[in-house]
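Asker: For reference, the structure I am asking about is given below.
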Amino acid sequence: LMSGVKNNVGRGINVALVNGKTGEPIDTKFFDMWGGDVAPFIEFLKSIQDGTIVLMGTYDDGATKLNEEARKLIADLGSTSITNLGFRDNWVFCGGKGIKTKSPFEQ
C-alpha cells in the first residue's frame with residue numbers, strides 16, 4: 448500500500464485511505480510536520496468520507512507542526528494517543544471516519 452519503492456512515503460505523517468466496504472485503496476499521502484505546513488493536512492483530514500479506513504504512521508517527526516485542530520480531527524477518527532504525540536515519537540494508528548468508538552489499533 449505504501450513504500451519507498453512506490454515513492455509515497457516521507458518525513459512526517461504518512462496516511463493511507465482504504466474503502467471500508469471494498470478494501471480498495473483510495474489514496475496515499477504524506478505530510479511533513481517539521482518543515483511543512485499543517486493546513487494541507489487539516490484540509491485532507493476534513494475531506495475524508497464516512498466509512499473510510501484511515502491508516503497513519505509517523506516517520507522522523509510527525510508532531511512539531513500539529514496544532515489542536517489537527518489533533519482533534521485525528522482523535523475524531525478514533526485516536527486516543529494523538530494528544531500526547533511529541534517530537535520524533537513513533538506512532539501508528541488505524542481508525543475510521545465516522546467511527547463511534549475509540550480505535551484499539553494504535554501504538
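Going by the working numbering, the residue at position 74 of the sequence shown is 521; the numbering climbs one at a time, nothing skipped. Don't be surprised by glycine CBs; every beta carbon is placed ideally from N, CA and C.
#1: Is the beta carbon of Thr499 less than 7 Å from the beta carbon of Leu464?
#2: List the endpoints of the continuous alpha helix (DSSP H) containing Lys493.
#3: Pick out the complete alpha helix (DSSP H) segments inside the region 456-530, 4 residues or longer, and give them in chain order.
#4: Strictly by DSSP, which residues pair up with Gly542?
#5: Which residue wins for smallest C-alpha separation from Leu532, given the options Phe491, Thr511 and Val452?
Answerer: According to the data block:
#1: Their beta carbons are under 7 Å apart, which means Thr499 touches Leu464 by this criterion.
#2: Ala486 to Ser494
#3: 486-494 and 515-523
#4: Val501
#5: Of the candidates Phe491, Thr511 and Val452, the one whose C-alpha sits nearest the C-alpha of Leu532 is Thr511.
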